[in-house]
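J.: Numbering (the numbering used here), first residue to last: 324 to 472.
Note that the Cβ used here is the ideal one computed from N, Cα and C, for glycine as well.
I have a structure here, written as structure tokens, and I will follow up with some questions on it.
Okay, here's the thing in structure tokens:
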């Protein structure tokens, strides 16, 4: 079946199978920043932004994305570089596997939360697991990026 979807600002018509997940569709169409992790929607490695909200693409059927807008890290390179500088300044650059989804989550957080507390930040990040860190540096970097004291 054909779905119409906007990916990173570009209108696309994509052939998908009824049981195909958005993760598979995106990767098959060259969006390789969307990583395969747990395949259960728990780890966050596959996170993309759908209509402004972060979602686990491994748990979202592609047909459900018909008529919607998806953003991957490829569509927000300038913002990703800026966030990367904040993360790097706090020494939290690690293996990088979870970085694309982590950055997308931070961008969503910036749009959704106003003056978040550390607890708000930690709660928002609950869907992104990083096996290389303890999130202390991440939280410092996010607070600086968001301009939170």
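Specify whether the stretch 373-391 and the stretch 410-417 touch according to this definition: at least 3 beta carbon pairs, one from each stretch, less than 8 Å apart.
T.: They do not touch, by the three-pair rule.
J.: If you compare alpha carbons, which of 467, 326 and 451 is closest to residue 388?
T.: Taking the first residue of the chain shown as position 1, residue 388 is located at position 65. If we check each option's Cα against that of residue 388, 326 comes out closest.
J.: With H, G and I counted as helix, E and B as strand and the rest as coil, what does DSSP make of residue 393?
T.: The count along the chain shown starts at 1 and reaches residue 393 at position 70. Of the three classes helix, strand and coil, the one that applies to residue 393 here is strand, per DSSP.
J.: Is the Cβ-Cβ distance between residue 410 and residue 464 less than 8 Å?
T.: For the purposes of this step, residue 410 is taken as residue 87 along the chain shown, with counting starting at 1. For the purposes of this step, residue 464 is taken as residue 141 along the chain shown, with counting starting at 1. Yes, these two residues count as a Cβ contact at 8 Å.
J.: Where do the ends of the alpha helix (DSSP H) carrying residue 462 lie?
T.: Mapped onto the chain shown, residue 462 falls at position 139. Where residue 462 is concerned, the enclosing alpha helix (DSSP H) stretches over 459-469.
J.: Leaving out five residues before and five after residue 390 in sequence, what residues of the same chain have Cβ atoms less than 7 Å from its Cβ?
T.: Here residue 390 corresponds to residue number 67 of the chain shown, with the count starting at 1. So the list reads 327, once near-sequence residues are dropped.
J.: Are the beta-carbon atoms of residue 424 and residue 367 separated by less than 8 Å?
T.: Within the chain shown, the letter at position 101 stands for residue 424. Within the chain shown, the letter at position 44 stands for residue 367. Going by beta carbons, residue 424 and residue 367 fall inside the 8 Å limit.
J.: Within this structure, are the beta carbons of residue 376 and residue 431 separated by less than 8 Å?
T.: As a first step, residue 376 must be located in the chain shown, where it is residue number 53. As a first step, residue 431 must be located in the chain shown, where it is residue number 108. Yes, they are a contact pair.
J.: Are there 16 or more other CB atoms within 10 angstroms of the CB of residue 448, so buried, or fewer, so exposed?
T.: Within the chain shown, residue 448 is the residue found at index 125, counting from 1. When all chains shown are included, residue 448 counts as buried.
J.: Please go through the stretch 380-453 and give each complete alpha helix (DSSP H) segment of 4 or more residues, from N-terminal end onward.
T.: Counting only runs of 4 or more, we get 400-412, 422-435 and 441-447.
J.: When the Cα atoms are used, what is the spatial distance from residue 374 to residue 364?
T.: Translated into the one-based positions of the chain shown, residue 374 becomes position 51. Translated into the one-based positions of the chain shown, residue 364 becomes position 41. Straight through space, the alpha carbons of residue 364 and residue 374 are spaced by roughly 18 Å.
J.: DSSP state of residue 370, grouped into three classes?
T.: Taking the chain shown and counting its residues from 1, one reaches residue 370 at position 47. Three-state DSSP puts residue 370 in a strand.
J.: Ignore the nearest five residues each way along the sequence and tell me which others in residue 362's own chain have a CB closer than 6 Å to its CB.
T.: Looking up residue 362 in the chain shown gives position 39. Same-chain partners within the cutoff: 381.
J.: Taking Cβ positions, are residue 469 and residue 433 nearer each other than 8 Å?
T.: Within the chain shown, the letter at position 146 stands for residue 469. Within the chain shown, the letter at position 110 stands for residue 433. Yes, Cβ-Cβ distance for residue 469 and residue 433 is below 8 Å.
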